[in-house]
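Following this note's numbering, the numbering of the sequence shown begins with 37 at its first residue and continues without gaps. Have a look at the structure below before the remarks.
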Amino acid sequence: MKRDFVELLWLFNSPRETRDIIRLDLREAGLLYKYASQQWKKMPKTREGNIILEIGRYWGGTLMLLAMATHDSKVKIISVDVVEGCHDPDVDDWLNEYEEKERLDIRTDNSWAMENVPLSMLFVDGDHSYEGVKRDFIHHWNYLNGPCLAHDYTDPTCEGVTKFIDEWIKKGYAEIIEQAGTMVALKKLKDYEV
């Protein structure tokens with residue numbers, strides 16, 4: 037069955053608050069969906085398919101978005117968060133019924149402590165402190181062979197994210213491809229030099 041972004045609109049509409057389960061606005065979610073659904077097709081495939089790493093799952097809305105964007109593919113999604121069991125109940129229901137759940141690897145761990153794997157896309161929305169973002173980027177950067185998307189870039193309440201990404205760009209590791217709201221898509225220019 038073909039999946040479509042429109043099927044995700046319920047993630048944005050909740051009596052609790054704006055942006056509810058997904059924690060992104062529509063433009064930000066559209067940018068993430070675009071890169072997950074299109075960019076991985078441009079990457080060389082391994083026998084197992086490509087791997088997207090999501091750092092920071094929170095209620096699970098972006099995990100659903102990534103799953104829908106890569107539906108009917110061999111793309112594996114590793115979703116890591118330090119908090120266990122924080123999914124929204126509706127997301128849990130969806131995940132339990134999702135027909136391709138074997139592609140989803142949901143982990144409770146520190147992203148910077150996990151074993152590295154080759155990545156076709158990296159999505160960073162975990163620890164928003166300067167040191168936290170830095171650890172996530174440095175740990176996974178040299179294994180990335182595709183775009184890196186980061187949420188909360190230029191958000192005044194997440195100064196650590198903006199400061200680190202600006203420094204990363206200034207040091208020549210990445211350049212901005214495009215930005216929607218506080219979601220930024222980065223192109224990797226070179227590996228991290230220890």
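For glycine and all other residues, C-beta sits at the position ideal for the given N, C-alpha and C.
Proximity below 8 Å, CB of residue i to CB of residue j
i, j, result
"GLY217", "ARG63", "yes"
"THR98", "LEU67", "no"
"ASN61", "GLY96", "It is worth fixing the name first, because residue 61 is Asp in this sequence and not Asn. Their beta carbons are not under 8 Å apart, which means ASP61 does not touch GLY96 by this criterion."
"GLU158", "LEU89", "Residue identity differs from the one stated: residue 158 is Leu in this sequence, not Glu. The answer is yes: Cβ separation under 8 Å."
"ASN86", "VAL111", "yes"
"LEU101", "ILE142", "no"
Cut-off 8 Å between Cβ atoms - residues of its own chain near residue i, not counting five sequence neighbours on either side
i, result
"VAL160", "ILE91, GLY92, VAL169, ASP172, PHE173, CYS184, LEU185, ALA186 and HIS187"
"GLU120", "THR144"
"ALA221", "LEU67, TYR71, PRO183, CYS184, LEU185, ILE212, ILE213, GLU214 and GLN215"
"VAL230", "none"
Simplified DSSP state of residue i, which is helix, strand or coil
i, result
"ILE58", "coil"
"GLU229", "coil"
"LYS199", "helix"
"ASP129", "helix"
"ASP117", "strand"
"VAL111", "coil"
Neighbourhood of residue i by C-beta, 7 Å cutoff - its chain only, sequence neighbours within 5 removed
i, result
"TYR179", "ASN152, VAL153, PRO154 and LEU155"
"LYS223", "PRO183, ALA210, GLU211 and ILE213"
"TYR134", "ALA103"
"GLY208", "LEU225 and LYS226"
"ALA105", "TYR69, ALA72 and SER73"
"TRP204", "PHE173 and ALA210"
Start and end residues, beta strand (DSSP E) containing residue i
i, result
"THR144", "140-144"
"LYS137", "No beta strand (DSSP E) contains LYS137, which DSSP labels as neither H nor E."
"ALA186", "184-186"
"ALA210", "210-216"
"LEU89", "87-91"
N- and C-terminal bounds of the alpha helix (DSSP H) containing residue i
i, result
"MET150", "Taken as a continuous stretch (DSSP letters only), MET150 belongs to no alpha helix (DSSP H), as it is neither H nor E."
"LYS223", "Per DSSP, LYS223 belongs to no alpha helix (DSSP H); it is in the beta strand (DSSP E), 219-224."
Close-in-space but distant-in-sequence residues of the same chain around residue i (CB under 6 Å, 5 per side omitted)
i, result
"VAL197", "HIS164, VAL169, ASP188 and TYR189"
"TRP177", "TYR228"
"HIS175", "TRP148"
heavy atom of the ligand ADP below 7 Å from residue i C-beta
i, result
"LYS199", "Inclusion of the ligand ADP in the displayed structure is not the case, the ligand content being empty and no account of it being possible."
Stretch-stretch touch, CB-based, cutoff 8 Å, three pairs: the region 160-171 with the region 132-140: no
Three-pair Cβ contact test at 8 Å for the region 110-127 versus the region 144-160: yes
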